Amino acid sequence: MSVTEAQVVAAAPAAIRATVPAERGTLARLSRQRAGLAGLGVLAVLALLALAAPLVSPRDPLAQDRADQFRPPSLANPFGTDEFGRDIFSRVIHGARISLLTGAVAVLIAALVGVPLGLLGGFFGGWVDAVTMRFLDFLLAVPAILLAMVIIAVLGPGSFNAMLAVGVVSVPAFARLTRASTLSLKEREFVLATRALGVGPPYLMFRTILPNASGPLLVQMAVTAAVAMLLEAALSFLGLGTRPPDPSWGSMLNTGRSFLHQAPWYGLFPGIAITGAVLSLNAVADALQAVVGGGSRPSGATA
Amino acid sequence: MGKYVALRLVQLLPVLLLASIAVWLMIYLIPGDPAIAMLGPDVTAEQLARARERMGLDRPLPVQYALWLGRVVQGDLGVSYVGSVPVRTMLAQRIPVTLQLTIAALLVALAIAAPLGIMAAIRPRSWIGRLVGVYSALAMAVPTFWLGILLVLLFGLQLQWLPTSGFVPIWEDPGRALRLLILPALTLSAYVSAVLARFTRAALLETISQDYVRTARAKGLRERAVVGAHALRNALIPIVTVVGLQFGAFMGGAVITEAIFDYPGLGRMLLQAILQRDYTVIQGTMLFVVLSFALINLLTDLLYAYLDPRIRYS
Amino acid sequence: MTVPYRETAPAVSLTRRAFFRRGLALAAGSTLLAACAPAAPPAAPAKPAPTTAPAAAAKRGGTITVGVPSDVQTFDPFNLLFQHFPLVQNFYDTLIRYDQSLKPLPGLAESWTVAPDGQSVTLALRKGVKFHSGKALVADDVVKNFEKAADKDRGFNMLPAVANVDAVTAPDASTVRIGLKKVSPEVTDILQALAIVDPSGMDELKTKAAGSGPFKFVEWSPGDRIVMERNADYWNAPAPHLDRVIYKIFGDSDAMVAALQSGIIDVCTSFPPKDVARLSSSFEMVRGYAGALTYELRINPTKPPFDKKEVRQAMHYAIDRKSVVDNVLFGISEPTVLPYSRASAAHDPAVAAKYPFDLNRARELLGGATGLRAEAIFNSQVPELQAMAQILKADLAKIGFELDLAPLDATQASRRLLAGEFQITPSFSGNTQKYPTRTALNSIYRTANNPVWGDTVPKAYVDAVNEANSTIDPARQKEAFGKLNQALLDESWVVSVAYRQSVFGLARHVKGFAYTVDDMVVLENVSRE
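So the protein sequences, as listed, match chains A, B and C.
Mapping the first sequence onto this note's numbering, position 261 (from 1) lands on 261, and the numbers just tick up by one.
Count along the second sequence from 1, then add 1000; that gives the number in this note's numbering.
Count along the third sequence from 1, then add 2000; that gives the number in this note's numbering.
Structure, rendered in structure tokens:
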């Protein structure tokens, strides 16, 4: 299960959801696990690289050597040099920081806003639910990239604002998922029993329901992180994300595109990096899904 | 059924209204206005002030919104601040472009996904099955814009097989239009094709293992008939959902592909309008995007009912 | 360099300085005028342009397609934004024209005479000129154009340009008398800048061009293209030669270059410098006028850390001009310390040696202070500005000055530039090739209502500008320019970096391409092989 798959399922009416199959068979489950572990491994390496970037990268990513414009990959510069003679390899390593951080921050924001919204709507129902759902409908109707663009236009370009924008865009997915879980869980026996003990709604929502809905939420987190990375790269590509001269995979793709003839290798490596990171996150999400199993299905932000 | 449709259509109105208010608020929060966008940084402050006055930009926000709403209700989407062209005309010009790209991309995605999904379902553990799995994983992870650049690099520059940018309406010059469509459609379709392939495969696998299919097989029906008649129909529902969702998403959200291939589509127009603070164009386009998304949702829901008799809307 | 306008036998052929001499019999020091050398020609491009066949032999007919990198917003030539440059000279005529050495040539005005007291200019309008609407051009139309220029709501960029114009009258149908508030050496610049609009079309200029130029407006498909067709009644016969010209609007320059390569367009304006070397063997690369625009750093002298003059002066030594030309502009440019083009009367070749790229000098000027910090804003839609900013940032970092870069979209950048809400900003200025005080048309060079100085613009600068504006004696002018440059360099609130030189990429079958000193495209002599 991945982003749009999950989203598709969540969007479909309940009667249909039952017809969409999950992967069957132990063989399938096991291979998913392997892929998931591999994904986790890659992510760990990336995270390590990002953390240790200043130590690991051979050169200062901002150091210009302007006579050395557009050198092809060599021993000295494994990924070549850019238009200011900066080492692309070092910039790709440092770019990992922005990308991974964006994934983490976006997930954090989306979860911190979306989960309570979903809990509230699902638990209380009525007009509270109606209002939140309409608001989410609006957020979902606008294509993610456009919504992010408008948010950035208001806040101004920059990595943190891009993370914020991507986080906001990812809220509906978390909200919907939590709401669906809440709806199905709140009538279950253990919840009713706890209720009978006389505890208040906050306890019920956060201490009783939420822990039991956390499985699909974890999957959603992995999915959202992947989408967030892609979105951040897209925003940087459009010139709306990371400020120069800080390296970001997306903005490097953008510059690489304009120098396609002068340095065809420029955009190759940042692209591989993004693809690799997203691939790993998707693999982890798939594996988690297999482990967590049934229950409410997660949904992704708009593609 | 008719009542259901009517109800859904009526529910559309508050969504549209809320959407327009939200968009209005957001774009006014963005610093700058169409007056400075048009005049540039070398006019005098007085000229700027007078221009703003002439454009009605100095009026309070709710007043401007109310005026706009009043006109929209009468069917007048207003005129572009920047180019003085009616917004309706601009939309009419751009929508077919994006539509052409969207339909092409979805058709390509289906053309890739269907055979892949079917093959993977029939022979799940073969090398084909694994290949499909790899393809899906990659196609979902590759950033759209990078794929676009790679395709341009490979087919446009290295091999020089295909033109790399531009647009021609398909009814004007089909041959040329198709050649220009190939690369952008491929770029856009990658992600969707992977999702669709997965769904097709999963749905088919599910159906194939079910009882009635086993019965049909036991009866001696040909494999193709078995797969075709029952399984495919079952797979249509998630496929329809995906196609519907993506249709809506592409109509406004294919900005990047449009930028890479210089396609004069809706997404690009909206990006330009945001950069130039062309309020009427932004509002009009967002309205259209939200509306089309909602209508597509409605259509897909109705299609469900047709495809699966179990579903009934009161 | 391709031949500029086709020179019809002019009734008057004058250098700028001779212009004033003719009108001012009483001018003192007229003997000095003979000693003044005409302006030096602009730098020759690397690749010599082919000679243009005489217009009479040029092939008739055909259509060419010109690629432009952005859409227009209006067809009003008074609202002069960069994206309108390729169109203006083809829809409209100006009263006079400049050749590449800024020699005035007749346009719609066949001859012009400055009154003895220098307080007015009388033009003799060319007879037989028709607007595209069929209406004949009369003196009153010119009067109406001057009125439009002086109108706060309709004047746009022409408003400050005609600031010195007093009353404009039409003594008869082909004579225009332009009253000047005070004697001004800039008169030809005004006459060259003012494109004449058909008064009957003045209200619809937002969507339709109404001029007398070589090509007539046919249609505008926003975001897609602009179509123009031959004006058969054009006064500069046998021009134009083409039947139709289509301007195709592109979203980005890479797509435009690709279109040129695949033959979709015949002319590519704003050709990206990075691709010039690559394609110069298959296409003709015409370099535009060096110094039509000048890249610069605009600095706000009222905000720390730039409120100290020395810190601003340090920027002159901290910006690596050669690097900007090589890395950012790919050699299609020249470094410059002052804003003027080479042909300008205020150009001072000696200045460059005094302001080399020298980080030690810069550090000294900073007073050895470290921990200085500033934010540089710029228009992110012009990639050269971003590149310039990055180079400056990297070099400033070496001397302990932290520069944060803040890209903004064009609208925000314009707004903040106009409001003076910035510390330092890479930008560019125009009108740097005309009479030196024309640079004051750019907001940052204004002597009053200056976005950063407000009304307290440095006295030395203001005085020098006024001095240069009020004398037609070349010796006094030269002296004034010297003081002007000194004030500019001393206060350093604008640090010029390099010329912005356009490149036009032409398919080989395009002949007769030309451009003005403002880098505006001129298609009247173009023919298609």
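Cβ coordinates follow ideal geometry from the N, Cα and C atoms, glycine included.
These numbers come from a predicted model, not from an experiment.
If you ignore the 5 residues before and after B:A1113, its C-beta comes within less than 7 Å of the C-beta of S1193, L1196, A1197, T1200, all in its own chain and listed in chain order. Taking C-beta atoms as the reference points, A:F84 and C:Q2390 count as a pair closer than 8 Å. Taken in chain order, the members of the region 2245-2263 of chain C whose beta-carbon sits within less than 7 Å of a beta-carbon on chain B are F2250, G2251, D2252, A2255, A2258, A2259, S2262. Residue ranges of uninterrupted alpha helix (DSSP H) with 4 or more members, entirely inside the region 2096-2168 of chain C and ordered along the chain, are 2139-2150, 2158-2161.
Using a CB distance cut-off of 8 Å, A:V171 does not count as an interface residue toward chain B. Residues P2458, A2460, Y2461, A2464 of the same chain have their beta carbon placed closer than 7 Å to that of C:A2487, with the five preceding and five following residues left out of the count.
For A:S258, the nearest beta carbon of chain C is closer than 8 Å to its own beta carbon.
Boundaries of the alpha helix (DSSP H) around A:F135: 126-141. For the pair A:P244 and C:L2405, the Cα-to-Cα distance works out to about 6 Å.
When the five nearest sequence neighbours on each side are left out, the beta carbons in the same chain lying within less than 7 Å of the beta carbon of C:Y2355 are those of H2316, Y2317, V2337, in order along the chain. Under the three-state reduction of DSSP output, B:Y1081 falls in the coil class, being neither helix nor strand.
The C-alpha of C:D2224 is placed about 14 Å away from the C-alpha of B:I1095. Bridge partners of C:Y2317 according to DSSP: none are assigned. Taking the Cα positions, A:L37 is about 13 Å away from A:A290. Per the C-alpha coordinates, the member of A:A53, A:V105, A:F138 positioned closest to B:L1291 is A:F138. Around the beta carbon of C:R2321, 16 or more other beta carbons lie within 10 angstroms, which makes this residue buried. Contact check for C:D2189 against C:L2180 fails: the beta carbons are separated by 8 Å or more.
Inclusion of A:P61 and A:R97 in the CB contact set at 8 Å is not warranted, their separation being larger than that value. 8 Å or more divides the Cβ of C:K2127 from the Cβ of C:S2184.
In this structure, C:L2385 lies near C:P2426, with their beta-carbon atoms less than 8 Å apart. Within the DSSP secondary-structure output, C:L2403 pairs in a beta bridge with C:A2374. In the three-state reduction of the DSSP assignment, C:E2229 falls in the strand class, which pools E and B. The alpha-carbon separation between C:A2195 and B:P1062 amounts to approximately 41 Å.
The Cβ atoms of C:A2343 and C:L2102 lie closer than 8 Å to each other.
Counting other Cβ atoms within 10 Å of its Cβ, C:S2380 reaches 16 or more and is therefore classed as buried. Taking C:S2502 as the centre and dropping the five residues before and after it, the same chain places the C-beta of T2269, S2270, F2271, R2287, G2288, Y2289, A2292, Y2515, D2519 closer than 8 Å to its C-beta, in chain order.
Chain B places a beta carbon closer than 8 Å to that of C:R2415, counting this residue as a contact. For the 8 Å CB-CB criterion, C:V2068 and C:I2264 do not form a contact.
Chain-order list of chain C residues neighbouring B:R1050: K2152, D2153, by C-beta distance under 8 Å. The beta carbon of A:F84 falls within 8 Å of a beta carbon belonging to chain C, placing the residue at that interface.
Around the beta carbon of C:P2335, a 10 Å sphere encloses 16 or more other beta carbons of the protein chains shown; the residue is thus reported as buried. Here C:M2202 is not near C:F2217, since their CB atoms are 8 Å or more apart. Ranked by how close their Cα comes to the Cα of C:P2214, the residues C:T2094, C:S2221, C:T2294, C:K2206 have C:T2094 in first place. For C:K2478, the CB contacts under 8 Å within the same chain, skipping 5 residues up- and downstream, are A2345 in chain order. Three or more beta-carbon pairs separated by less than 8 Å link the region 160-175 of chain A to the region 100-113 of chain A, which places the two stretches in contact.
At a cut-off of 8 Å between beta carbons, A:L268 makes no contact with chain C.
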